[in-house]
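Listed in order, the protein sequences are those of chains A and B.
Counting the first sequence from 1 gives a position; this note's numbering is that position plus 41.
Counting the second sequence from 1 gives a position; this note's numbering is that position plus 5.
The beta-carbon is built from N, C-alpha and C at its ideal position, and this holds for glycine as well.
The structure appears below as structure tokens.
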Amino acid sequence: MLETIIEAFSKAIGLILSGDPEILSIAFRSICISGFATLLSCIWGLPIAIIIGLSSFRGKRLVRSFFNAMLGIPTVALGLILYLLLSKSGPLGIFRLLYTPLGISIGQALLITPILVSFAGSALESTDVDIRDLAKTLGASNIQTNFKIIDEAIWGITLSIIASFNRAFAELGIAMMIGGNIRYATRVLTTSIALETARGEIAFSIALGLILMAVVFSITFLINFLRRG
Amino acid sequence: MNLKLSKKDKSKIGTKTKVIALAILVLIIIGSSAYILSNQRSEQKQHLIVTTTTSLYETGLLDILKIEFEGQYPSINVSFISQGTGLAIQTAMRGDADMILVHDPARELEFLEEGYGVNRKIIAYNFFVIAGPSEDPANIRGLSPTDAFIKIKESGENTSALWVSRGDDSGTHAKEKRIWNFAGLDVANLRTQDWYIEAGSGMTATLKLADDKGAYTLVDLGSYLNNYATGNIKLEIIVEAGKDTLNVYSVMANNPQKSELIGSNFDASMKFINFLVSDEVQEILAEFGKDKFGKPLFNPYVKLLKSGSDQEMVQWIQELAYFDGTECPTQYRYEEGDLYKFIITVTKNRIIEMPEVLRYSYNFWRLHQFFRNFQCLKQL
């Protein structure tokens with residue numbers, strides 16, 4: 042059994058090194074779709090995180106706990122809800138987003154918004170205590186103080202963005218249900234791993250899995266490296 | 006903790022963080038715009054979405070057909086979504102697909118009757134077989150499928166055999182239920198028993214599960230050969246193909262007259278159906294898998310009809326998958342063009358076209374001729 046695993050791994054590495062154009066295009070598509078999802082969730086997630094992190098208002102705890110609870114939403118459940126909404130006979134059917142890359146991006150963006158809001162919000166909140174009073178005593182205005190806090194919390198925010206990208210990149214449920222795993226169109230790394238495993242093409246699956254992990258690790262390492270240096 | 010650090014070299018970290026944040030932002034924007042661009046390029050094309058069965062998709066046949074079809078019609082982009090037959094029909098009913106390529110005659114008829122589908126055409130057939138461990142614990146080798154099922158149930162109940170069912174409402178699953186019914190057994194009752202395992206997944210995954218457990222399972226010959234050749238499974242064919250295990254693949258377009266399906270790409274669907282029944286594709290079907298497995302995974306039906314060689318097989322298929330004596334009753338046809346014209350090639354250059362109704366008389370005539378020749382030979 043161990044031999045077959047080793048054989049599959051060596052085959053997988055061979056596949057990656059040979060630069061199989063299909064594998065590369067799937068990996069590229071994955072990065073683009075999840076990258077766009079991250080961008081979308083930043084557009085609406087970061088303002089929410091900043092409001093939660095920097096101001097206090099009635100019901101803030103409720104909002105926070107809502108996002109914290111949504112952290113663990115199963116991707117298939119969200120995928121199913123979105124499938125019913127985006128289906129041509131569903132309420133959002135006119136946008137024709139089902140089985141398109143844009144549809145996956147939007148789904149993933151919704152999926153990772155809680156991660157972004159919770160993590161970035163916490164990063165801002167934990168910085169707040171230290172900086173706010175100091176900045177105020179040094180004579181900074183409210184806006185200046187807030188900018189200073191965001192500047193100090195930038196690492197936490199960056200990490201939350203990376204974490205949410207990784208989540209979008211590695212999820213399967215939404216990509217499968219909204220994307221439909223269409224070759225050359227909506228096939229991403231995770232859905233093709235599912236397909237190739239179902240097909241019994243284990244070496245191909247491992248190759249795709251290795252790429253998936255390589256991307257996630259290298260992004261995380263890069264960020265850590267930049268942070269140190 | 007952060008405070009001390011920032012006090013010491015505030016300016017340095019400030020600019021650096023900004024640079025990094027900017028770099029990340031730029032990367033994301035480049036990535037997403039590249040993605041948008043690549044997305045837009047395909048927007049210029051017409052899209053045709055076909056939902057299909059896992060047993061057909063996993064063999065890789067459709068990838069070949071896609072390349073061939075897009076070569077003929079460069080303006081159309083075909084996408085295949087691999088689902089079980091049940092889900093494939095559901096997806097088409099919601100208007101999310103333009104056409105279906107499935108193998109469950111009973112549900113196909115429903116699809117037509119409810120007004121969702123038009124222009125059904127049988128394109129290919131093969132057989133289901135019962136695969137199982139080589140030791141054959143239920144001792145069913147050589148039996149007919151129905152008898153084999155009864156034997157498996159008996160052995161299952163005294164814990165010597167296991168059965169793995171697809172359990173996903175696919176065409177294969179429907180066929181399995183049909184055979185259990187033939188055998189006079191109630192699937193709802195079987196499901197509750199320990200020897201009856203429901204996989205709930207695609208054909209290859211089900212085969213691997215059966216292989217792991219040393220169980221029997223019903224599988225179409227195409228998927229079996231495909232998985233056996235790649236070494237995925239060690240299961241053997243225990244019960245061979247027969248009339249009861251015939252597997253017929255047909256194609257249907259969404260009915261554009263149905264209000265929910267108005268947006269379906271009917272034009273491209275019809276092009277694809279005509280493409281599938283063309284001589285060229287029927288030839289591809291006949292050849293597919295020959296080089297790898299020694300025999301083809303699918304048998305082309307249109308070619309079989311045209312050649313008129315195996316009347317018994319045609320009879321079987323008509324019994325199983327024809328409705329009111331035709332593959333698509335006239336009320337379920339819509340702008341079908343020449344799709345149902347029956348063409349006989351008399352010689353290379355001479356072709357006779359006739360309506361499908363005459364096919365029976367023609368077949369009868371051929372049969373008659375055959376027997377007459379046979380009689381002549383006897384007399385000799």
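Let me know the secondary structure DSSP gives Glu119(B) once reduced to three states.
If DSSP states are grouped into helix, strand and coil, Glu119(B) belongs with coil.
Helix, strand or coil for Val104(A) per DSSP?
helix
By how many angstroms is the C-alpha of Asp68(B) removed from the C-alpha of Ile67(A)?
Cα to Cα, the separation comes out at about 16 Å.
Residue from Ala179(B), Gln198(B), Phe187(B), Phe298(B) whose Cα sits closest to the Cα of Tyr229(B):
Phe298(B)
Compare the Cα-Cα distances from Asp217(B) to each of Ile202(B), Asp225(B), Asn231(B) and report the closest residue.
Ile202(B)
Just verifying my parser: in three-state terms, what is the DSSP assignment at Ser87(B)?
strand
Does Lys213(B) get closer than 8 Å to chain A when you measure Cβ to Cβ?
yes
Select from the region 78-91 of chain B all residues with a C-beta closer than 9 Å to any C-beta belonging to chain A, and list them in chain order.
Asn82, Ser84, Phe85, Ile86, Ser87, Gln88
Which term fits Gln336(B), buried or exposed, when burial requires 16 or more other beta carbons within 10 angstroms of its beta carbon?
exposed
Give every residue of the same chain whose Cβ lies closer than 7 Å to the Cβ of Arg46(B), excluding the five residues on either side of it in the sequence, and list them in chain order.
Its pLDDT being 49, under 50, Arg46(B) is placed unreliably by the model, and the measurement read from it follows with that caveat. Contacts found: none.
Tell me whether Leu10(B) sits in a helix, a strand or coil according to DSSP, three-state version.
At Leu10(B) the pLDDT is 45, less than 50, meaning the model places this residue with poor confidence and gives no usable figure here.
If you drop the 5 nearest sequence neighbours on each side, which residues of the same chain put their C-beta closer than 7 Å to that of Pro150(B)?
Ile135, Ile184, Val244, Gly247, Asp249, Thr250
Could you name the residues that DSSP lists as bridge partners for Val224(B)?
Val134(B)
Amino acids of chain B, ordered along the chain, whose beta-carbon sits closer than 7 Å to that of Thr79(A)
For Thr79(A), the chain B residues whose Cβ falls inside 7 Å of its Cβ are Ile33, in order along the chain.
Selected residue, minimal CA-CA separation from Lys189(A), among Ala176(A), Gly60(A), Gly197(A)
That would be Ala176(A), whose Cα lies nearest to the Cα of Lys189(A).
How close, in whole Å, do the beta carbons of Ala78(A) and Ala150(A) come, if the pair is a contact with beta carbons under 8 Å?
4 Å
Residues that Ile223(A) contacts on chain B, provided the C-beta gap is smaller than 9 Å
Ile54, Ser84, Phe85, Ile86
Going by C-alpha distance, which of Arg208(A), Thr116(A), Leu139(A), Gly113(A) is nearest Tyr124(A)?
Leu139(A)
For the region 219-250 of chain B, which residues have a beta carbon sitting closer than 9 Å to at least one beta carbon of chain A?
Asn231, Asn232, Thr235, Gly236, Asn237, Ile238
Anticipated Cβ contact below 8 Å, Ala121(B) with Leu266(B), distance rounded
Reading off the sequence, residue 121(B) comes out as Tyr, not Ala. Their Cβ separation, rounded to whole angstroms, is 7 Å, which keeps Tyr121(B) and Leu266(B) in contact under 8 Å.
First and last residue of the uninterrupted alpha helix (DSSP H) at Val158(A):
142-178
If you measure from the beta carbon of Leu213(A) to each beta carbon in chain B, is any gap under 8 Å?
no
Under three-state DSSP, which class holds Phe154(B)?
In the structure shown, Phe154(B) falls within a helical segment according to DSSP collapsed to helix, strand and coil.
Beta-carbon proximity of Ile93(A) to Val104(A), cut-off 8 Å
yes
Where in the region 49-98 of chain B do unbroken runs of the alpha helix (DSSP H), each at least 4 residues long, occur, reported from the N-terminal end onward?
59-62, 66-77, 90-98
Under the three-state reduction of DSSP, which class applies to Lys126(B): helix, strand or coil?
strand
Which parts of the region 236-293 of chain B are runs of the alpha helix (DSSP H), unbroken and 4 residues or longer, counting only runs that do not cross its ends?
271-282, 284-292
With 16 as the cutoff for other CB atoms within 10 Å, does Ile198(A) come out buried or exposed?
Buried is the call here.
Below 8 Å on the Cβ atoms is my contact criterion, and I expect Asp109(B) with Val55(B) to pass it. Report the Cβ-Cβ distance as a whole number of Å.
With 8 Å as the limit, Asp109(B) and Val55(B) do not qualify as a contact, their Cβ atoms being about 16 Å apart.
Please list, in chain order, the chain A residues whose beta carbon lies closer than 9 Å to that of Gly100(B).
Here the neighbours are Ser128, Lys129, Ser130, Gly134.
Under three-state DSSP, which class holds Asn304(B)?
Note: Asn304(B) maps to strand in three-state DSSP.
Select from Ala210(B), Leu167(B), Glu340(B) the residue whose C-alpha is nearest the C-alpha of Asn144(B).
Restricting attention to Ala210(B), Leu167(B), Glu340(B), the CA atom closest to the CA of Asn144(B) is found in Leu167(B).
I need the straight-line Cα distance from Gly330(B) to Val192(B), nearest angstrom please.
30 Å
How about Ile25(B): is its C-beta nearer than 8 Å to some C-beta of chain A?
yes
Partners in chain B for Arg240(A), counting only beta-carbon separations shorter than 7 Å:
Glu63, Thr209
Between which residues of its own chain and Gly148(A) is the CB-CB distance below 6 Å, once the five residues before and five after are set aside?
Leu123, Ile215, Ile219
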